[in-house]
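Down below is the structure, laid out as structure tokens.
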Amino acid sequence: MSVRMRHTREHTAKRRSHHALKEPRLCRCANCSQYKKRHTVCLNCGFYRGRKLIDVLAKLDKKEKKKKEKELSAQNQNVPVAGK
-19 MSVRMRHTRE HTAKRRSHHA LKEPRLCRCA NCSQYKKRHT VCLNCGFYRG RKLIDVLAKL
41 DKKEKKKKEK ELSAQNQNVP VAGK
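Anchor point for the sequence shown: position 65 equals 45 in the numbering used here, and the numbering is continuous, going up by one each time.
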């Protein structure tokens, strides 16, 4: 059996042209207006298609929970949060 022919740099580059990383498709959450991946639950508020599916505050400790509640209430009222 013979040794296969060597591929040129052009042939190799053309093959690798499809290996580039693509940007994730993002959209805005209808509830909190944060960016999220399409067709997934919003990690900021836990809503998907107008329904609350996960409790975002359940896994946070007391300090983080208070901060997150303040942030979510400010987003619902469209008031800027202090410290940002």
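C-beta: ideal position from N, C-alpha, C; glycine also.
Computed from a predicted model, the values in this text were never measured in an experiment.
Under the 10 Å beta carbon count, K16 is surrounded by 16 or more other beta carbons and is classified as buried. In this structure, R18 sits away from C9, with a CB-CB distance that is not shorter than 7 Å. Contact between L52 and C25 holds: CB atoms are separated by about 6 Å, below the 8 Å threshold.
Minimum Cα-Cα distance from F27 among the listed residues L40, D41 and C12 corresponds to C12. At the C-beta level, K45 and L37 come within 7 Å of one another.
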